[in-house]
Every structure is written in structure tokens, then in C-alpha cells.
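As C-alpha cells, the structure follows; a few thoughts come after it.
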Amino acid sequence: MSKILVNEMSFYYEPYYNPVFERVNLILDTDWRLGLTGRNGRGKTTFLRLLEGELEPTQGKLIKSVSMEYYPYHFETAYEKTGDVLKEIIGGFKTMEDAMEAFPEHPDKEEIERCAAIQEKYREEGGYELEARICRELYRMGLPEELLDRDFRVLSGGEKSKLLMLALFLRPNAFVLLDEPTNHLDIRGKQAIAHYLKQKKGFLAVSHDRQFLDETADHILAINKTDITLEKGNYSSWKENTEKKEAFERRTKIRLEKEIKVLEKGAVVRRNWAAAAEKEKNPYPTNNRGNTSRAAKFMRQAKNAEQEAREAIAEKKELLKNYETVLPLYLYKDTDGSGTDKDLPVLQLEKLTFGYDGVPLFHHFSMEIFRGERIWIRGSNGCGKSTLLRLIKGELETKARKAAEEIAISCFYQEPLWQEGSPREWIRDDGQWERFLSLCSRLDIPDEMQKRPLQTYSSGEKRKVDVARALSEKSDILLLDEPLNFMDIYFREQLEKAILASGSTLVFVEHDERFGSCVATRIIDLDQGAGKTGSVSEDVKEKGSAD
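In our numbering, the protein residues as written are 474 to 1020.
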């Protein structure tokens, strides 16, 4: 066990003096399982890069006695077999093995010494026990040992991600920095990573997945507006405590403001009394001086009390500046459903058979969408979730789709719909434009961005704009294809509340379990086999409806 010390650390990107961090002080234990949270743009990845050593603090110190290992890990190797690739990543063990195997049959003295040095290094660094350690980590990650004999290049993305992660944990004296480790993983992949990390210690994970942070973290590091705070516990306990502290600060501020009003009224009374005492004509000068002295004393006391209350309010205002302000989102619906028979589906797929290149994704698959339903499409990567949304939208042709001709469907895609031009060029309807601008402000998109071409937007900014587009469109059905990718926790909670408040008809694909469980009224699990429909458990269904 050792410590990571952050002492008066400040950092800003040159040439612009725009501080990312100012005078940060932290003591982190390398045995902790740390979760790092904060709004997008607050500097989470920058903080990891500072810990890793890729960036240097502008001021202050960052002291560490462990090897910082950054994930996702990018590497190049000539080896192809998975076991060899892992050995090389962990510590160059495969190179050492090759060198020992290439040892000449009749070596000279120099070659003997060189080989002895390699063997000693291999032994000291645990080379002879490495295969057993790798197999143990494979078991913890839920991966079969047979993977070690396969070509690394043909493995799936999820398999590669898991293998690279366990390789970093096998490096000596490692503290692993995990930058959004569950990106692009399906629910089963996320669960496997979470199960693995619960058995480990000594890492810091950046994640926007609340369920994942709850399952893996024992300390939460939060990058706030004005500082970085550290708290023992998981995400839910941190969230609860933060909300309690914010509520307390707001109540205290309101109480102090009331106190100031009372003090100000009292000050007016005292000033009037003092003025009257000063003007009073008393035949006894001594008594007159006493009245004046008491009046001055009361005035000083009143002013001091007023000043103390104002300073306390200023302090509370500074504390409240550190809390995030999140405005509610809303979903626009074309109609309220009046005049529509709620017992009849808005849209249905009947005995759908569809696939690519002769490989069927769906065979005699049927589903119905009723007004007000919120259907969660689940399944492993590659099972056809996005394809199903495009079939519902009508972008992919099928005779199995039955819907009213006038039905309006809005869709949020994994890739933003708009890639060039300006938002105003894409939105011609004035009513939608007003809704779009309102949603942009609630998504923390500044007004000046609307004047810039979309080509200048970051990927995150484009996704936010695309969310505003989809939510501002008139729709009878809203389709969302992994809307939470790369979005922070605040957005996730915004969208949850908006969906639950709207009563909209929704079909969505998402790997965030907490989000899905919160908003879904029904689940279709494509891993159960094409044509099989699952249903939400009763407790989730009741929660989704009640909210």
C-alpha cells in the first residue's frame, strides 16, 4: 500500500490561461477502487493524463510511487497468438522467452553471461509463474483459456478489451487508470468488467454509468465546478450526500437572508433612536453624553451583526457556485393521443424475416407498439438492435411493417444526422427552431454555437445538438439508438426525467442498465432468439409507470 500525493496542483493549457485545475490537494491510497465522475468538459481525462505523466502540472506537485497504466492501451507487436501478445504487454516476457530459446548450443563466455542475465530477470519478474497468473485472471474475467491459443487479431472487440485490461493489472506495481472502460460494451460485457473489477484493487475508473460505479467503486472522486472532492463510498452514497449538502447550504442561505432583513430593520430603529438621543436637549450634560455613548455602541453592534450575516451569505453563495445547475429537458409530441384507440397498436411488425447477405437476423419476428409504451430493445452487440429500429422507422423496406401513413417518427442515431452546415439551415420550421434553441440551452450548448458550422463541433457537441433535434421534432414514436454514449451522468438523469414526464411512445436501445430499468415499461430481449419477447419485471414496470 502506498499513496499518491497531489499538492497545490494547478494546470492549464497553454497558450491560453484557462485553468482546468487550481490548487488541488489530494491524498489517494493505491489500494482504493476509485470512481471518477464529473460533467463533460470538466477535465476527467486531463486528470488521468496528469496522473499518468503524459501531462505535467503547471504549478504544484504530483508525487507517486506506483506505475500508472492507462486504459484503453494502444500497442504494436509482431506477435499474433493471444497468449504471446499478453506476455509481451505485461512485461516483454515473450521477447525474453524468444531470446532464451535462441541461445546458441555452444555459447562463449559473453553469451553465457547475457543469457544468465535474461534468465535471472525472467525469474525475478515472475516469468515462470506468469501463465498460471494469466489463467487465473481469465477465470476472474469469465474468459476461456482457449483464447490464449487463438490469433489476437480475429478476436471480438469485447474480448480484446477484457484481455488488455487484465494484462495491465498483471503489470508489476501497477495502478490502473481506466478511461470509460465500458464504452461500446453490451450489458453482458459491462457486467463481466464490473465483476472483474470488484475482485481487484488499485485503480481509478472514469465512467458515466451509475450502476457500474455503484458496483465497482469504494471511493468517489468528483470534479466539480470549482474543486475536486473525495468521498468514501460508491456513486449512490456520494450522490445522496451531495444532494443533502446542497439542500443544507440553500436552506442556510435562505435563513441568513431572512436574518439580514431583520437586522436591517433593527438597524433602522437603532439609527432613529441614536439620532433622537443626539438631538435631545438634556439639562444634565453627563446624562446626555451617556445616551450618546450608548447609541453609538448599539449602532456599532448592529453594523457588526449585519456585516457578519452578509459575510456568511457570501460564503454560502460561493459554496453553491460549486453545485451543478441542470435544467429539465422536455419531449415534444405531435398529438396527445386523443381520438386514438389505445387498445390498437400505433405500429406493428408482423412475422418479420430480415437479414444481410443471406444471414437472417430475424425470422418470423413480431412486435406491436402501443401508445405510451416505452420499449427497451436489449441484446448483445451484433444481434440486430439498430437494424430493428431502422425497420420500425421504415428506412429498411419490409412488408411486415404496418403503420398509419400519417404517423410521425423521430429518431436519434448513434451517428449524428447533421454533419455540415448550420442547425438553422436544417430546421426551416420556426416552431421547431424555438423548441430546438430552448433544448440547446438546457443541454448547456451556448448560443454562439448556433452561428458556427457543424464541421467545427466536437463529437460530444454534435451528439448534444442531435439530441435537441430529435426531441424538438413532432413525433408519435421516438426512437433512440444508444443515446447515452459519451454523455455524462447529468444528461442521463435529465433524459430519464424528461421521458417519464412526457408520456411519449418510445422504443430505445441502450446498454445502461439503470437508465433502462428506470424508463422501460416493456423489454424485448433479442438474445432470447428472434421472435421471442421478454417483459419487464413487475417492480420495474410499476416504477416506470408511477414516475
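Each residue gets a CB set at the ideal place from its N, CA and C atoms; glycine is no exception.
Reference residue i, options the options, closest by Cα
| i | options | result |
| --- | --- | --- |
| V819 | I865, A876 and D917 | A876 |
| R512 | T503, L499, V493 and D502 | V493 |
| V832 | C588, L952, C856 and D920 | C856 |
| V479 | T518, T519 and P530 | P530 |
| G565 | F576, A551 and P577 | A551 |
| L686 | T655, G904 and E878 | T655 |
| G944 | S634, G852 and Y886 | Note that residue 944 is Leu in the sequence shown, not Gly. The shortest Cα separation from L944 among S634, G852 and Y886 belongs to Y886. |
| Q892 | S932, A873 and I865 | S932 |
| F964 | E921, D1000, V799 and A873 | V799 |
| G630 | H668, S540 and L658 | L658 |
| Y486 | D504, S914, Q532 and L499 | Q532 |
| N498 | L822, R506 and K476 | K476 |
| Y544 | D652, L968 and N777 | D652 |
Close Cβ partners of residue i (< 6 angstroms) along its chain, the five nearest in sequence each way excluded
| i | result |
| --- | --- |
| Q684 | E986 and R987 |
| F843 | P818 |
| D954 | S859, L862, Y886, Q887 and V982 |
| L951 | S883, S977 and L979 |
| E688 | A667 |
Identified DSSP bridge partners for residue i
| i | result |
| --- | --- |
| D954 | V982 |
| M482 | V497 |
| A647 | S540 |
| F827 | F835 |
| E704 | I693 |
| I477 | L501 |
| W891 | In DSSP, W891 forms no bridge with anything. |
| D998 | R851 |
| R773 | None; R773 has no bridge partner. |
| F642 | None, per the DSSP bridge assignment. |
| C884 | L952 |
| M960 | BP columns for M960 are empty, so no partner. |
| F520 | Answer by DSSP bridge pairing: none, since F520 is not bridged. |
| F576 | DSSP lists no partner for F576. |
Boundaries (first-last residue) of the beta strand (DSSP E) holding residue i
| i | result |
| --- | --- |
| C856 | That residue, C856, is in no beta strand (DSSP E); it is neither H nor E in DSSP. |
| D920 | Note, D920: premise wrong, no beta strand (DSSP E); not H, not E. |
| T510 | R506 to G511 |
| K947 | No beta strand (DSSP E) holds K947; DSSP gives it neither H nor E. |
| F625 | Neither: F625 is in no beta strand (DSSP E) and is coded neither H nor E. |
| R925 | Counting along the chain, R925 falls outside any beta strand (DSSP E), and DSSP gives it neither H nor E. |
| A667 | Element bounds for A667: not the beta strand (DSSP E) but the alpha helix (DSSP H), I660 to K671. |
| L677 | F676 to V679 |
| A876 | R874 to A876 |
Other residues of its chain near residue i: CB distance less than 8 angstroms, five sequence neighbours each side excluded
| i | result |
| --- | --- |
| D624 | E553, K554 and T555 |
| K534 | L478, V479, N480, E481 and M482 |
| D1012 | Low per-residue confidence applies at D1012: pLDDT is 38, beneath 50, and the placement is therefore not dependable enough to give any value. |
Close beta carbons around residue i, own chain, < 7 angstroms, minus the five adjacent residues each side
| i | result |
| --- | --- |
| R661 | S853 |
| K712 | none |
| K458 | Past the boundaries of the shown model lies residue 458; the chain is included only from 474 to 1020, so the question cannot be answered. |
Cβ of residue i within 8 angstroms of any chain D Cβ
| i | result |
| --- | --- |
| L616 | No chain D appears in the structure shown, which is made up of a single protein chain. |
Residue i - containing alpha helix (DSSP H), residue span
| i | result |
| --- | --- |
| I591 | K582 to E597 |
| Y458 | Residue 458 cannot be examined here, being either before or after the span of the chain that is shown, 474 to 1020. |
| P896 | P896 to W899 |
Completely contained beta strand (DSSP E) runs for the segment 534-567, where each covers 3 or more residues: If you keep only unbroken beta strand (DSSP E) runs of at least 3 residues inside the segment 534-567, you get 540-544.
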